[in-house]
Amino acid sequence: MSKKPKILLLAVLITAIQSVVLWLIALWSAWSIIQGDVLSLVSALFLTGIVLGAALFLSNVAIGMFRLQRWAYTPSFVMQLLIVSIGVASFGGEYGLVVLGFGLLLPAALVFFAMFSKTVRALFRKD
């Protein structure tokens with residue numbers, strides 16, 4: 000196994016942490032359904048399924064990034080852009096939380112820029 004640059008390992012670590020957070024949110028959501036703390040069971044089940052799917056997908060992307068699989072390069076950007084969109088939306092509205100917005104934006108920006116670095120791009124271009 001070749002030595003991986005630290006910037007790639009940072010991007011993989013952040014992506015892995017993001018996937019763990021999604022798994023925890025999915026478990027919390029499922030627990031809320033079991034406890035009966037939901038207003039609409041259908042909506043709660045659907046959203047829990049969406050979060051579970053995102054957690055599984057992001058976990059696979061993190062593993063693919065670590066293994067330098069070419070297919071993982073573009074999905075890493077897509078997931079970070081989705082996280083950024085949630086982060087930006089967290090700044091406004093009646094229940095806006097600036098801390099949550101920055102908590103989502105900063106790690107996503109780090110992964111985004113790490114994946115765009117020359118060394119990381121070169122690693123994913125190798126055949």
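Going by numbering that gives the first Met the number 0, the letters in the sequence shown line up with residues 0 to 126, in that order.
Where is the CB? At the ideal position from N, CA and C, for every residue including glycine.
Just so you know, these numbers come straight off a predicted model, no measurement behind them.
Residue j and residue i - do their beta-carbons sit closer together than 8 Å?
| i | j | result |
| --- | --- | --- |
| V83 | A107 | yes |
| V50 | S75 | no |
| A43 | I33 | no |
What's the gap between the Cα of residue i and the Cα of residue j?
| i | j | result |
| --- | --- | --- |
| S89 | V97 | 7 Å |
| L46 | K117 | 37 Å |
| L103 | G95 | 13 Å |
| M64 | A25 | 23 Å |
| I6 | L40 | 42 Å |
Can you tell me whether residue i is buried or exposed? The criterion is at least 16 other CB atoms within 10 Å of its CB, across all chains shown.
| i | result |
| --- | --- |
| A121 | exposed |
| V119 | buried |
| I85 | exposed |
Classify residue i as helix, strand or coil using the three-state DSSP reduction.
| i | result |
| --- | --- |
| Q17 | helix |
Item to check | Segments assigned beta strand (DSSP E), at least 3 residues, entirely inside the segment 51 to 109 | outcome: none
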